[in-house]
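Here the structure is laid out as structure tokens; the discussion comes afterwards.
Numbering (UniProt numbering), first residue to last: 1 to 181.
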């Protein structure tokens, strides 16, 4: 046990610790920067935010779909999905229709313009990540999850609500399109 204490109190250990935490901070910054760059590319090429893209892809992939089903599919609240759909509808990218079978249900659909916007859009950043992550061995996946949860804890981020959408800023941030249509 004394060797362990000596190692942590030695100047060499302090320099090693400094290099380690700097490497962690650089890696975190790279993740943030990659997310930011992807968000800018998505906005430039398709005029969409990450959450808008995910919602539109869900509508395309799931067909006639309710807001609740979309919310479950993209792990966002129904209120958030509704707000995003409002913005997409103002831009004529989606439209909503009340169900003829159950008047309580509203189904979302893509417009032709929405289909075209999806065709121009790059894949969501998390698609590539998910594919690579799922190719890892189970032990490595578990290690990454535990490490990132620990990092979030160390940054006092345990209570921050977040969806599995890689995007910078709030899911409902101003996207530059409010009121246009």
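We put the CB at the ideal spot given by N, CA and C, even for glycine.
Neighbour-count burial assignment, residue 93, 16 or more Cβ in a 10 Å radius | Result: buried.
Pairwise C-alpha distance: residue 31 and residue 156 = 18 Å
Same chain only: Cβ atoms within 6 Å of residue 109, ignoring 5 sequence neighbours per side = 95
Proximity to residue 35 [Cα-Cα], best of 122, 153, 143, 139 | 122
Enumerate in chain order the residues of its own chain whose CB-to-CB distance from residue 71 is below 8 Å, with the five nearest sequence positions on each side excluded.
-> 77, 78, 80, 81
Local conformation of residue 79 per DSSP, three classes = Note: residue 79 maps to helix in three-state DSSP.
Pick from 84, 86, 59 that is closest to residue 73, judged by C-alpha positions | Closest by alpha carbon: 59.
Could you spell out where the beta strand (DSSP E) holding residue 110 opens and where it closes?
-> 106-110
Can you say whether residue 65 is buried or exposed, counting buried as having 16 or more other CB atoms within 10 angstroms of its CB?
-> buried
Close-in-space but distant-in-sequence residues of the same chain around residue 61 (CB under 7 Å, 5 per side omitted) | If we look at residue 61 and ignore the five residues flanking it on each side, it has no Cβ neighbours.
Beta carbon of residue 124 nearer than 8 Å to that of residue 63 | Using a Cβ distance threshold of 8 Å, residue 124 and residue 63 do not count as a contacting pair.
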